[in-house]
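Please read the structure below before turning to the comments.
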Amino acid sequence: MESLQTIISTCAPVAGLSSHIVPFAAGNSLKERLSANPVLMAPMAGVSDGVYRTMARAGGAGLAYSEMVSVAGIHFGGEKTWELVEPLSTEPDIAVQLFGSKPEQFKEAAAQISERLGNKLALIDINMACPVPKVVKKGEGSALLDTPERAANLVKACLSEVTVPVTVKIRRGRRQDEEVAPEFARAMEAAGASAIAVHGRFATQMYRGQAEWETVNRVCDAVSIPVIGSGDMFSAEAAAYALKETGVTAVMIARGTYGNPWIFKNTQALLEGKTLFVPSVDQMLASFMMHVKLLDAARIHIARARSLSTWYFRGIPNAAYWRGKSVRCVTAQDFIDLALEIKETVTQLEGKQEASEHKLSLS
Numbered sequence: 000m001e002s003l004q005t006i007i008s009t010c011a012p013v014a015g016l017s018s019h020i021v022p023f024a025a026g027n028s029l030k031e032r033l034s035a036n037p038v039l040m041a042p043m044a045g046v047s048d049g050v051y052r053t054m055a056r057a058g059g060a061g062l063a064y065s066e067m068v069s070v071a072g073i074h075f076g077g078e079k080t081w082e083l084v085e086p087l088s089t090e091p092d093i094a095v096q097l098f099g100s101k102p103e104q105f106k107e108a109a110a111q112i113s114e115r116l117g118n119k120l121a122l123i124d125i126n127m128a129c130p131v132p133k134v135v136k137k138g139e140g141s142a143l144l145d146t147p148e149r150a151a152n153l154v155k156a157c158l159s160e161v162t163v164p165v166t167v168k169i170r171r172g173r174r175q176d177e178e179v180a181p182e183f184a185r186a187m188e189a190a191g192a193s194a195i196a197v198h199g200r201f202a203t204q205m206y207r208g209q210a211e212w213e214t215v216n217r218v219c220d221a222v223s224i225p226v227i228g229s230g231d232m233f234s235a236e237a238a239a240y241a242l243k244e245t246g247v248t249a250v251m252i253a254r255g256t257y258g259n260p261w262i263f264k265n266t267q268a269l270l271e272g273k274t275l276f277v278p279s280v281d282q283m284l285a286s287f288m289m290h291v292k293l294l295d296a297a298r299i300h301i302a303r304a305r306s307l308s309t310w311y312f313r314g315i316p317n318a319a320y321w322r323g324k325s326v327r328c329v330t331a332q333d334f335i336d337l338a339l340e341i342k343e344t345v346t347q348l349e350g351k352q353e354a355s356e357h358k359l360s361l362s
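Residue 0 is where the sequence shown starts when you use numbering that gives the first Met the number 0, and the numbers rise one by one after that.
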């Protein structure tokens with residue numbers, strides 16, 4: 000089996016991605032580093048594994064976050080929890096997002112993660128935004144927005160054990176029309192947080208409606224530390240607009256990355272006045288195959304490729320048909336063979352279309 004680095008070196012250029020992943024660097028303070036690397040990949044439960052992070056970094060993400068990691072899981076020594084934390088050999092560094100509610104468990108988790116990851120740990124982020132009921136009912140995630148003192152203690156607990164920055168991700172507030180974000184952000188800054196990521200929805204909204212960016216601006220006005228904007232970053236244009244027109248230092252892209260690892264470099268291109276990269280069908284399929292090969296080499300459950308096929312096959316002729324076929328794929332080679340079949344079919348369709356257009360031009 001090919002190594003992770005070999006797969007990246009051979010596949011990334013064909014897919015319009017970079018084979019050289021640069022560390023999250025350039026500056027001493029977190030603000031300097033975020034300013035130099037302002038387009039980040041957000042933490043996503045069940046999505047942002049090591050391969051997904053690697054694809055994002057190859058696509059130009061300044062930094063990529065782990066999935067939500069339970070401090071209780073680390074406390075009880077769960078190996079599956081550690082699988083969420085451990086970076087791949089292809090990753091120069093990662094951000095680890097923790098969730099929970101007990102300061103002593105945050106202290107323990109921060110110490111263990113720092114020791115285990117060493118200089119691959121770029122920062123620790125504390126999730127105070129998750130709206131999922133099973134998390135909230137334990138006093139975790141967005142429930143912490145109601146208890147700023149407890150939330151501050153979690154920041155302090157992490158800071159007592161690590162030298163890397165500790166950041167916080169929040170929402171507008173728990174309940175509709177009860178905005179607490181600016182005041183809460185000030186409390187987190189006072190506790191020692193180095194940056195605040197803000198998602199412009201209330202927890203009760205889940206992901207319904209639109210993210211409200213005026214809240215993000217109010218948080219920018221309320222604190223002196225960097226603010227990272229989050230919410231509805233479905234295109235490079237939306238991400239670039241937020242960086243240009245709001246007070247944020249960086250943006251965090253989540254669902255906009257689905258099947259689109261190029262969104263990071265395209266956001267940067269818009270900021271720099273450069274031409275956008277528009278992947279061809281061949282490049283989209285090459286990226287999909289690279290992702291599948293990395294999943295296989297990293298021994299991450301290949302079933303994740305089914306979600307990838309849904310995302311990558313958007314816009315391809317007969318996409319619904321191909322997605323249906325992907326459900327029957329079992330091995331990595333099955334998915335790769337499917338991508339090659341799509342490529343051949345699309346090439347034939349394009350050939351027929353060109354021939355038809357040529358006939359019309361002669362008539």
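The beta-carbon is built from N, C-alpha and C at its ideal position, and this holds for glycine as well. Since we're looking at a predicted model, the values are computed, not measured.
Integer-rounded CB distance, given that residue j should sit under 8 angstroms from residue i
{"i": "R52", "j": "A63", "result": "4 angstroms"}
{"i": "M0", "j": "A338", "result": "With 8 angstroms as the limit, M0 and A338 do not qualify as a contact, their Cβ atoms being about 18 angstroms apart."}
{"i": "V154", "j": "A128", "result": "Their Cβ separation, rounded to whole angstroms, is 14 angstroms, which puts V154 and A128 out of contact at 8 angstroms."}
{"i": "A285", "j": "V50", "result": "Actually they are not in contact, since the Cβ atoms of A285 and V50 sit about 15 angstroms apart, beyond 8 angstroms."}
Those residues which DSSP pairs with residue i across a bridge
{"i": "K168", "result": "N126, A196"}
{"i": "A285", "result": "According to DSSP, which records beta bridges pairwise, A285 is partnered with nothing at all."}
{"i": "M67", "result": "Q96"}
{"i": "S229", "result": "H198, M251"}
{"i": "L39", "result": "M251"}
{"i": "L29", "result": "In DSSP, L29 forms no bridge with anything."}
Beta carbon of residue i nearer than 9 angstroms to that of residue j
{"i": "I315", "j": "I341", "result": "yes"}
{"i": "S229", "j": "V197", "result": "yes"}
{"i": "G255", "j": "R313", "result": "no"}
{"i": "G246", "j": "N216", "result": "yes"}
{"i": "R56", "j": "P91", "result": "yes"}
{"i": "N118", "j": "F98", "result": "no"}
{"i": "A184", "j": "A239", "result": "no"}
{"i": "F276", "j": "G61", "result": "no"}
{"i": "V179", "j": "L122", "result": "no"}
{"i": "L307", "j": "P37", "result": "no"}
{"i": "P302", "j": "M43", "result": "Note on residue identity: the sequence assigns Ala, not Pro, to residue 302. Going by C-beta atoms, A302 is not nearer than 9 angstroms to M43."}
{"i": "P181", "j": "T214", "result": "yes"}
{"i": "I227", "j": "K324", "result": "no"}
{"i": "S100", "j": "A142", "result": "yes"}
{"i": "R364", "j": "G199", "result": "Nothing can be reported for residue 364: it is not among the residues displayed for the chain, which extend from 0 to 362."}
{"i": "V95", "j": "S69", "result": "no"}
{"i": "S2", "j": "A11", "result": "no"}
{"i": "T248", "j": "P225", "result": "yes"}
Under the three-state DSSP convention, the category residue i falls into
{"i": "A109", "result": "helix"}
{"i": "H357", "result": "Residue placement at H357 is flagged as unreliable, the pLDDT there being 45, under the threshold of 50; the coordinate-derived value follows with that caveat. DSSP places H357 in helix when its eight states are reduced to three."}
{"i": "L275", "result": "coil"}
{"i": "M54", "result": "helix"}
{"i": "M251", "result": "strand"}
{"i": "T346", "result": "helix"}
{"i": "S8", "result": "helix"}
{"i": "A268", "result": "helix"}
{"i": "G191", "result": "coil"}
{"i": "L3", "result": "helix"}
{"i": "L16", "result": "coil"}
{"i": "L120", "result": "strand"}
{"i": "I262", "result": "helix"}
{"i": "Y257", "result": "coil"}
{"i": "K101", "result": "coil"}
{"i": "C157", "result": "helix"}
{"i": "R303", "result": "helix"}
{"i": "A210", "result": "coil"}
{"i": "I335", "result": "helix"}
{"i": "E148", "result": "helix"}
{"i": "D220", "result": "helix"}
Heavy atom of the ligand FAD within 8 angstroms of residue i beta-carbon
{"i": "C129", "result": "For the ligand FAD, the structure offers nothing, since it holds no ligand at all."}
Query raised in the report: Is it true that the stretch 287-298 meets the stretch 224-244, where meeting means three or more beta-carbon pairs spaced less than 8 angstroms apart?
Result: no
Query raised in the report: Would you call the stretch 127-140 and the stretch 110-117 in contact, with 3 or more CB pairs under 8 angstroms?
Result: no
Query raised in the report: Can we say the stretch 75-95 touches the stretch 7-23, given the rule of at least three CB pairs closer than 8 angstroms?
Result: yes
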